[in-house]
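Have a look at the structure below, then the notes.
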Amino acid sequence: MSMGGLLWIIVVGFVAGLIARWLAPGPNSPSGFILTTILGIAGAFLATFIGQAIGHYSPDQGAGFIMATIGAVVVLFIWNRLVARGVIKG
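So this is what it looks like as structure tokens:
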């Protein structure tokens, strides 16, 4: 993965995390700017990994904005399930 691809994942992940938080608010949503950003970046990495695994993206290509947002929503859903079960504290 090139440096430009990594930077793209971080920037898109940041914006995707903010949008995912807006799309999927809830009582157990992660609070705080930094945690929301980290979960958005994790969603972008998830979308990139899955996209590269299925051949949708080349090895030097990051996830697009829409897929990163979907990945961030998935990460937030997993986060909410873990908080609801008491595995982690929200």
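Heads up, the sequence shown is in this note's numbering, so the first residue is 39 and it goes up one at a time.
Note that the Cβ used here is the ideal one computed from N, Cα and C, for glycine as well.
Please read these numbers as outputs of a predicted model, since none were measured by experiment.
Below 7 Å CB to CB, which residues in the same chain sit around residue i once its five sequence neighbours on both sides are set aside?
| i | result |
| --- | --- |
| T107 | A54, I57, A58 |
| M105 | A85, G89 |
Measuring CA to CA, which of the options is closest to residue i?
| i | options | result |
| --- | --- | --- |
| V113 | W46, Q90, T74, G42 | T74 |
| L45 | R123, V125, A101 | A101 |
So, at 6 Å on beta carbons, what are the nonlocal neighbours of residue i in its own chain, with the 5 sequence-adjacent residues on each side left out?
| i | result |
| --- | --- |
| A110 | A54, G55, A58, G78, G81 |
CB-CB under 8 Å to residue i, same chain, minus the five flanking residues each way: which ones, in chain order?
| i | result |
| --- | --- |
| K127 | V121 |
Assuming residue i and residue j make a contact with CB atoms under 8 Å, what is their CB distance in whole Å?
| i | j | result |
| --- | --- | --- |
| A62 | F115 | 7 Å |
Would the region 75-88 and the region 40-53 be scored as touching if the rule is three or more Cβ pairs under 8 Å?
-> yes
Runs of alpha helix (DSSP H) wholly within the region 41-119 (minimum 4 residues, chain order) = 41-61, 71-91
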